[in-house]
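Protein chains: 2
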Amino acid sequence: MAATIRQVAERAGVSVATVSRVLNGSDRVLAITRKRVLEAMEALQYLPNETARILSTGKTNVIGVLLPDLHGEFYAKVSQGIERMARTEGYHLLVSSSHSDEAEAGTMIRTMLGRVDGLIVMWPRLEAASLTALVPPDLPIVLLNAAADGAVPTVRFDNQTGAAAMTRHLASHGHRRIAFLKGPAGNYDAEERLAGYRDALRELDLPADPALELDGNFLRESGYRAVEALLALEPRPTALFAANDSMAIGALLGLRERGVRVPDDLALAGFDDIPPAQYLIPQLSTVRSPMQDLGEHAMHLLLALLGGDDIEPITTLPTRLMLRESCGCPPVPAHLSLE
Amino acid sequence: MAATIRQVAERAGVSVATVSRVLNGSDRVLAITRKRVLEAMEALQYLPNETARILSTGKTNVIGVLLPDLHGEFYAKVSQGIERMARTEGYHLLVSSSHSDEAEAGTMIRTMLGRVDGLIVMWPRLEAASLTALVPPDLPIVLLNAAADGAVPTVRFDNQTGAAAMTRHLASHGHRRIAFLKGPAGNYDAEERLAGYRDALRELDLPADPALELDGNFLRESGYRAVEALLALEPRPTALFAANDSMAIGALLGLRERGVRVPDDLALAGFDDIPPAQYLIPQLSTVRSPMQDLGEHAMHLLLALLGGDDIEPITTLPTRLMLRESCGCPPVPAHLSLE
DNA sequence: CTGTTAGCGCATTCAT
DNA sequence: ATGAATGCGCTAACAG
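Listed in order, the protein sequences are those of chains A and B. Take the first sequence: its position 137, counting from 1, is numbered 137 in my numbering, and each next residue is one higher. Whatever position you read off the second sequence (first residue = 1), add 1000 for my numbering.
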């Protein structure tokens, strides 16, 4: 079986404490002694037992990551950001995704508890507080895109500002009846984006017709289905702003099927800037969500927390307007959309 | 701080051994004793220390997962499959992705070593053997889409059969000069798909012109760039089969830019069936890679291995032809492509 | 600079 | 059915 510290000590003719010292890079070891120990390790193919180390030090070097079942790109980008930071700092990631309900997420958190030094949780439901109650008060935790009450460090997109900017942009194309395709009720991002849309309408003195707010659930299919309601509106809106790209894509399919041309007959915009947005026909104008930054920054904060530093309770990452064909702007040349 | 087993024992007026027994569901405990212990646990908010448990039992209940930096959908689907199986069996996932070179992957494996009960590794480079040499012989491991030598359990797609089937299908549309856009050299999937293409050409008695094999690297941009070489071919091919969807999409952009209509002027097909394939214009005909199955099955095998069962050394998952517009087949109605 | 020793929290014989 | 004692492999005082 695997060699232990004791065997190394014996072979090197020193005590386990000394072996432990060279293992942890203490300088209180004679060069020649260190050499003997190193040789013994090499000869025995020694690998320290991480578990024993953890038990002894109380530090796992593992961060728990809890992500909801957002599809594909989103999930991948965020965790990529987290991982990149984690790796450079020597942390491992205990990842768990695809959580439908709060109970399930709570269970995962509980089973992770003894195993992690900190937690990064993405919990887009509005009632985030209940979740954090499950976590021991001394366990560092960072929330992603959650309703921030300031009690728990949170990183999020500037959904509201982004949505307002896109709404204003659509208006700048001359549109006065701009419909909004909502995300699922109770979802943090969805509500914020809706609020941004409303802000802009108010600011622009455009009529805030509740009928302009269409129901959706962030999935493509709901965008496709919303087209019927959209086209039934009187007078018919000249622009549609979907709370995310997936729904915008679904709507695009529905519109095309009914012979409504985008952007000629109807302007269309989404939110997130998932990869297909740039190469669809027409290219989809959208608001870019800095997903990778979200993950990176969250990990950055958590590391600061672990280091005992004070941090900003709430960080808001800027979004960015990506103007392409679907809103009526000129197309972006293909070779520029391929980096 | 957190209560320990000793405190629970003390409060319940029993020994730690008894507490341990009720913890592990032993039946050698009097009902009334068990009740007292349970009450003590409840009162103390006791949570067993996982690390101590691991040290004592030698079992971590954690599976290490090493994925390359495949983009988005692919990565997400595979890990989703893995996770789903893992969760039902009470395993956690220590995930690490984005590995450019072998050295980096080796480092990650080494640092995971003491922390996991088993490993799932996706290593699409052809020289997989060198990697497995880093792993202790007694650590269960399953490889994903790797060159299988039978020595290490491997799960993979039937790339070759799928590619051959698509090539035959393109031929069935009447095409005789079918170009192939290759993936990166040395990549397992890329080589297999190329082999399938060649198989079919041979079988169909079509000329195997090496000039028909275009260079690519699995990224969209390389598909875009390949269009120039494609259109320069004499005589010009009437069909293009890309080794993955991303490149097919890139090629589509390039073709469109040059006024070449798909499928009228040129038939196009990809491989993988990433989501955009079904809603692009034209819809992309492709070969579906069962990504989620790949993850699920790998985890399934690993669990069997952990249970001491014997398993098939090599599992090949079937791929499936998804025929849509870009190859010349009739379009699939939008509402059917939205599940 | 190095060795001795006492935990870390739990599972698990071996007794009783 | 329950308890006492031992060990998992390592770190961290404390001595020397």
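Note that the Cβ used here is the ideal one computed from N, Cα and C, for glycine as well.
Handout entry: Range covered by the beta strand (DSSP E) that runs through B:Val1343
Key = The structure shown does not extend to residue 1343 of chain B, since chain B is modelled only from 1001 through 1339, so no value can be given for it.
Handout entry: Whole-angstrom C-beta distance between A:Leu143 and A:Thr167, which should lie under 8 Å
Key = That belief does not hold up - the Cβ atoms of A:Thr167 and A:Leu143 are roughly 27 Å apart, past 8 Å.
Exercise for the section: Determine the extent of the alpha helix (DSSP H) in which A:Leu194 is found, giving its start and end residues. Expected result: In the DSSP assignment, A:Leu194 falls within the unbroken alpha helix (DSSP H) covering Tyr188 to Leu204.
Handout entry: Exposure label - B:Ala1208; buried when at least 16 CB within 10 Å
Key = Under this definition B:Ala1208 is an exposed residue.
Practice task
Compare the C-alpha of A:Gly162 against each of A:Val78, A:Val332, A:Met322 and A:Val95 and name the closest.
Solution key: Out of A:Val78, A:Val332, A:Met322 and A:Val95, A:Met322 has the C-alpha closest to the C-alpha of A:Gly162.
Exercise for the section: Please check if any C-beta of chain B sits within less than 8 Å of the C-beta of A:Tyr91. Expected result: No, because no Cβ of chain B sits closer than 8 Å to the Cβ of A:Tyr91.
Handout entry: Neighbour-count burial assignment, A:Leu17, 16 or more Cβ in a 10 Å radius
Key = It is Ala, not Leu, that sits at residue 17 of chain A in the sequence shown. By the Cβ neighbour-count rule, A:Ala17 is exposed, with fewer than 16 other Cβ atoms within 10 Å of its own.
Practice task
Please say whether B:Ala1226 and B:Leu1212 have beta carbons closer to each other than 8 Å?
Solution key: For B:Leu1212 and B:Ala1226, no; Cβs fall outside 8 Å.
Handout entry: Exposed unless 16 or more other CB atoms sit within 10 angstroms - verdict on A:His175
Key = Around the Cβ of A:His175, a 10 Å sphere holds 16 or more other Cβ atoms; the residue is buried.
Problem - CA-to-CA distance, B:Gly1216 to B:Pro1068, given in whole angstroms - result: Rounded to whole angstroms, B:Pro1068 to B:Gly1216 spans 18 Å at the Cα level.
Handout entry: Proximal chain B residues relative to A:Arg261, where beta-carbon distance stays under 9 Å
Key = The premise fails here: A:Arg261 is roughly 13 Å from chain B at the closest Cβ pair, so nothing lies under 9 Å.
Handout entry: chain A residues whose Cβ lies nearer than 8 Å to that of B:Ser1097
Key = For B:Ser1097, the neighbours in chain A by C-beta distance under 8 Å run, in chain order, Ser79, Gln80 and Glu83.
Practice task
Would you tell me roughly how many angstroms separate the C-alpha atoms of A:Ile274 and A:Glu296, rounded to the nearest one?
Solution key: Looking at the two C-alpha atoms, the distance is approximately 18 Å.
Handout entry: Alpha-carbon spacing of A:Val78 relative to A:Arg87, whole angstroms
Key = Rounded to the nearest angstrom, the two C-alpha atoms are 14 Å apart.
Exercise for the section: Using a Cβ-Cβ cut-off of 8 Å, state whether B:Asn1049 counts as contacting chain A. Expected result: Using a Cβ-Cβ cut-off of 8 Å, B:Asn1049 counts as an interface residue toward chain A, since at least one Cβ of chain A sits closer than that to its own.
Practice task
Report the neighbours of B:Ile1054 on chain A: residues whose CB is nearer than 7 Å to its CB, in chain order.
Solution key: For B:Ile1054, the residues of chain A that pass the 7 Å Cβ criterion are Thr51, in the order they occur in the chain.
Practice task
Using a Cβ-Cβ cut-off of less than 8 Å, list which residues of the region 1270-1299 of chain B approach chain A; keep chain order.
Solution key: Answer in chain order: Pro1275, Pro1276, Tyr1279, Leu1280 and Ile1281.
Exercise for the section: Compare the C-beta of B:Ala1340 against all C-beta atoms of chain A and say whether one is closer than 8 Å. Expected result: Coverage of chain B is limited to positions 1001 through 1339, which leaves residue 1340 of chain B absent and any answer about it impossible.
Problem - B:Glu1083 and B:Leu1093 closer than 8 Å at C-beta - result: Yes, they are a contact pair.
Problem - Any C-beta of chain B under 8 Å from that of A:Arg115 - result: Residue contact with chain B for A:Arg115: present (Cβ-Cβ distance below 8 Å to some residue of chain B).
Practice task
Taking B:Val1008 as the reference, give the member of B:Leu1170, B:Leu1030, B:Asp1027 and B:Arg1034 with the closest Cα.
Solution key: It is B:Arg1034 whose Cα lies nearest to the Cα of B:Val1008.
Practice task
Let me know if B:His1335 comes out buried or exposed under the rule of 16 or more other beta-carbons within 10 Å of its beta-carbon.
Solution key: With fewer than 16 other beta carbons inside 10 angstroms of its own, B:His1335 counts as exposed.
Exercise for the section: Measure how close the beta-carbons of A:Pro140 and A:Gly118 come, nearest whole angstrom, since I'm counting them as under 8 Å. Expected result: Their Cβ separation, rounded to whole angstroms, is 4 Å, which keeps A:Pro140 and A:Gly118 in contact under 8 Å.
Practice task
Please decide whether A:Glu42 counts as near chain B, where near means a Cβ-Cβ distance under 8 Å.
Solution key: At least 8 Å separates the CB of A:Glu42 from every CB of chain B.
Exercise for the section: Consider the Cβ of A:Tyr75: report whether some Cβ of chain B lies at a distance smaller than 8 Å. Expected result: At least one chain B Cβ lies under 8 Å of A:Tyr75.
Exercise for the section: Inspect the beta-carbon positions of B:Gly1150 and B:Pro1318 and report whether they are closer than 8 Å. Expected result: Taking a C-beta distance under 8 Å as the contact criterion, B:Gly1150 and B:Pro1318 do not qualify as a contact pair.
Handout entry: Proximal chain B residues relative to A:Gly216, where beta-carbon distance stays under 7 Å
Key = Taking a Cβ-Cβ cut-off of 7 Å, A:Gly216 has no neighbours in chain B, whose nearest Cβ is about 13 Å from it.
Practice task
Look up B:Leu1268 in the DSSP assignment and say whether it is helix, strand or coil.
Solution key: Note: B:Leu1268 maps to strand in three-state DSSP.
Handout entry: Beta-carbon separation (whole angstroms), B:Cys1327 vs B:Ala1267, contact threshold 8 Å
Key = That belief holds up - the Cβ atoms of B:Cys1327 and B:Ala1267 are roughly 5 Å apart, short of 8 Å.
Exercise for the section: Tell me whether A:Thr154 sits in a helix, a strand or coil according to DSSP, three-state version. Expected result: Here A:Thr154 sits in strand by DSSP.
Problem - Classification of B:Gln1045 by the beta-carbon crowding that lies within 10 angstroms, buried from 16 upward - result: With fewer than 16 Cβ atoms within 10 Å of its Cβ, B:Gln1045 is classed as exposed.
Handout entry: Selection from A:Gly90, A:Gly106 and A:Ala179 that minimises the alpha carbon distance to A:Ser97
Key = The candidate whose alpha carbon is nearest that of A:Ser97 is A:Gly106.
Exercise for the section: Report yes or no: is there a C-beta of chain A within less than 8 Å of the C-beta of B:Leu1321? Expected result: Chain A has no Cβ within less than 8 Å of the Cβ of B:Leu1321.
Exercise for the section: Could you tell me which chain B residues have their CB closer than 9 Å to the CB of A:Gly254, listed as they occur along the chain? Expected result: Taking the beta carbon of A:Gly254 as reference, the chain B residues within 9 Å of it are Ala1334 and His1335, listed in sequence order.
Practice task
Kindly indicate if chain B contains any beta-carbon less than 8 Å away from that of A:Glu213.
Solution key: At a cut-off of 8 Å between beta carbons, A:Glu213 makes no contact with chain B.
Practice task
Tell me, please, whether the CB atom of A:Ile141 is closer than 8 Å to any CB atom in chain B?
Solution key: No, A:Ile141 lies away from the interface with chain B (no Cβ there is under 8 Å from its Cβ).
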